[in-house]
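J.: I have a structure I would like to understand better, so I am pasting it below and will then ask my questions one at a time.
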Amino acid sequence: MSFSLKTIPLHQSFLKLGEQFLSEVKPTPFKTKSALIHFNESAAQLLDLKDGIEQQQLFIDIFSGKHLLENSRPFAMLYAGHQFGHLNPQLGDGRAIIIAEMHNKKKQKWELQLKGSGLTPYSRDGDGRAVLRSTIREYLCSEAMHRLNIPTTRALCITGSDDEVYREEIETGAILTRLAPSHVRFGSFEIFYYRHQYDHIRTLADYVIKYHYPELLSETNPYLALLTEVIKRTAKLIALWQSVGFAHGVMNTDNMSILGLTLDYGPYGFLDNYEPGYICNHSDYQGRYAFEQQPNIGLFNLSCLAQALLPLIDKSPDKAAELAKHELEKYQTIFSSDFAEQMRLKLGLKESYDEDQHLVEDLLNLMKNDHVDYTILFRKLCDFVTVNISSTNVNNQDTNNNSAIRDIFIQREQFDQWENRYQQRLIKEDSNDKQRSIKMKRVNPKYILRNYMAEIAIKKAEADKDYSEIDRLFKLLQNPFDEQPENETYAGLPPEWSNEISVSCSS
Ligand code: AMP
Ligand code: MG
């Protein structure tokens, strides 16, 4: 039995925490007629919704904020956050409203949140709306990340309207339905720390542990254990981002999920050529959230969380600080080990040797110097052929079986040296080309969501209400590791004009 729009079982666990944690507020419907722009069947299955549910007018009405689910008590969450390093003591969902908390048949908890559904008490100077452009970007990317096996919020659908929304120019308003087991952020704890409302920190931590980390209840110090777990999950998440070339763009603490999910897709970007200093957010003038800074920012953000948890960790402030510091000090090691593991997988290495770190670093350096495309290179490396170096004529590279990879580089002699080391390394563990290739193609995607791809889908949607490209990309990115020969053009280098695309926080 699947759920209809009348039988979705609603729960109110977060709502019951009370008004100190949220504000009850109803979505504001669009002024103009709304329409379904895209629907994600697999997300609907996750919620155990009935097949074909999206064809009902009631579905569009509910997910465009016009109609409430029966017994729904929608609310916006309260939080603070460190934005670009500075504390903003009062934020909260300024344009997002949770319309339902439901449990699917497996008893998994999901919050359904409308992003762009109008003003809330936390809207400050904002209009409570999201533009179609940013909604498409979040929708496509969150699903792409999920298919890349990276923890993330999900998305159920996009609804759109003709309502005018004012940004740098006039755009149209849309609503994304975002799904997450919980939308609690680091900033959800910080707000009560800075307000000295320590009881509320405890209430929230108890809630998060009860519903999302129940295994920690048996720990002697569950709050310290919570910090440890979040450190582990965040390190793992950022290692995955780095391994796939994903830059988040706005790693403020209000965008950091307590569950270690990728949260809030704004001006994100995937690397084209490997450029560690890549800044995807054009409003990030200092490069605080540059690609290579993400691991450090992860630690900064975890320190903010740790500080907010101090009152729970120990009665003695000194002891609490010492315990938290001890946990935070493990972050760098955990991150390095997670990242090394991801890169070993990307290179198809079964065993682990000290020299591997240099092998990875030297490859990345070569890629940086020669502006090599990150995704394309790693995908090509999946077809690397091991040969006995002494039997080939290294001076005549035409005979080199790996010439397709070699040709990508400008400084080919330097690549030859690296190739030689990679060859030796693979031979050392008796690597089998065929088996390695299969495994590597499960971790080195052929297709990622490059900015230019999203841009084409956005332009068609904005200009002609033509949503076909959203659908094409959506399907393409459901299987990023498959060959999909009919989609080969999406696996190539981005077009020249893609450099001119500018994405910022304005969304
Ligand atoms: P973001 O950079 O999208 O994570 O947003 C930071 C804060 O600004 C959050 O509290 C958002 O809810 C709020 N915000 C962003 N855009 C708007 C908007 N158009 N209207 C109201 N609040 C907004
Ligand atoms: Mg945010």
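FYI, the working numbering numbers position 78 of the sequence shown as 78, with every residue one higher than the one before it.
The beta-carbon is built from N, C-alpha and C at its ideal position, and this holds for glycine as well.
Could you compute how far the alpha carbon of Gly-269 sits from the alpha carbon of Arg-288?
T.: Cα to Cα, Gly-269 sits roughly 15 Å from Arg-288.
J.: Please report the Cβ distance between Ser-123 and Ala-100, rounded to the nearest whole angstrom; I am assuming they are in contact, meaning their Cβ atoms lie under 8 Å.
T.: Wrong, their Cβ atoms sit about 21 Å apart, outside the cutoff.
J.: Can you tell which of Arg-425, Glu-190, Val-387 has the C-alpha that lies nearest to the C-alpha of Leu-359?
T.: If we check each option's Cα against that of Leu-359, Arg-425 comes out closest.
J.: To the nearest angstrom, how far is it from the Cα of Lys-31 to the Cα of Glu-329?
T.: Distance between the alpha carbons of Lys-31 and Glu-329: 52 Å.
J.: For Asn-281, is the beta carbon positioned less than 6 Å from some heavy atom of ligand 2?
T.: Because no heavy atom of ligand 2 lies under 6 Å away, the Cβ of Asn-281 does not count as near it: no.
J.: Please report how far the alpha carbon of Met-1 lies from the alpha carbon of Thr-7, in whole angstroms.
T.: Straight-line Cα distance between these residues: approximately 10 Å.
J.: How about Cys-382 and Ser-437: are their beta carbons less than 7 Å apart?
T.: Contact flag set, yes.
J.: Per DSSP, which residues does Gln-57 bridge with? Please list them.
T.: DSSP lists no partner for Gln-57.
J.: What did DSSP end up calling Lys-549 once you bin it into helix, strand or coil?
T.: As shown, the chain starts at 1 and ends at 507. That puts residue 549 outside it, with no answer to give.
J.: Closest to Gln-423 by C-alpha separation, out of Leu-349, Ser-42, Glu-341, would be which residue?
T.: It is Leu-349 whose Cα lies nearest to the Cα of Gln-423.
J.: Please state the DSSP three-state secondary structure of Thr-262.
T.: In the structure shown, Thr-262 sits in a strand (DSSP, three-state: E or B).
J.: Drop a sphere of 10 angstroms on the beta-carbon of Pro-445, count the other beta-carbons inside from all chains shown, and report buried for 16 or more, exposed for fewer.
T.: Classification for Pro-445: buried.
J.: Cβ of Gly-187 within 7 Å of Cβ of Tyr-79?
T.: Result yes, Cβ atoms of Gly-187 and Tyr-79 sit closer than 7 Å.
J.: Looking at ligand 1, does it come within less than 6 Å of Gly-94, judged from the CB to the closest heavy atom?
T.: Correct: Gly-94 has its Cβ closer than 6 Å to ligand 1.
J.: Quick one: what's got a C-beta closer than 7 Å to Pro-276's C-beta in the same chain, skipping five residues either side?
T.: Contacts found: Phe-291, Glu-292, Lys-368.
J.: Tell me the DSSP secondary structure of Lys-465 in three-state form.
T.: Residue state, collapsed to three classes: coil.
J.: Could you name the residues whose beta carbon sits closer than 5 Å to any heavy atom belonging to ligand 2, keeping them in chain order?
T.: Listed by chain position, these are Asn-255, Asp-264.
J.: Tell me whether the beta-carbon of Thr-120 lies closer than 7 Å to the beta-carbon of Ala-180.
T.: No. Outside cutoff.
J.: Rounded C-beta distance between Ile-150 and Ile-231? I'm assuming under 8 Å.
T.: Incorrect: roughly 18 Å between the Cβ atoms, too far for contact.
J.: Would you give the residue range spanned by the beta strand (DSSP E) that Asp-162 belongs to?
T.: 154-166 is the extent of the beta strand (DSSP E) around Asp-162.
J.: Between Leu-91 and ligand 1, is the CB less than 6 Å from at least one heavy atom?
T.: Checking every heavy atom of ligand 1 against the Cβ of Leu-91, one is found closer than 6 Å.
J.: For the candidate residues Thr-228, Leu-305, Leu-299, whose alpha-carbon lies nearest to that of Asp-254?
T.: Out of Thr-228, Leu-305, Leu-299, Leu-305 has the C-alpha closest to the C-alpha of Asp-254.
J.: Give the single residue among Glu-500, Glu-462, Gly-492 whose Cα lies nearest to the Cα of Glu-169.
T.: Ranking the options by Cα distance to Glu-169, first place goes to Glu-462.
J.: Are there three or more Cβ pairs, one per stretch, closer than 8 Å when the region 335-355 is compared with the region 235-246?
T.: Flag = yes, the region 335-355 and the region 235-246 touch.
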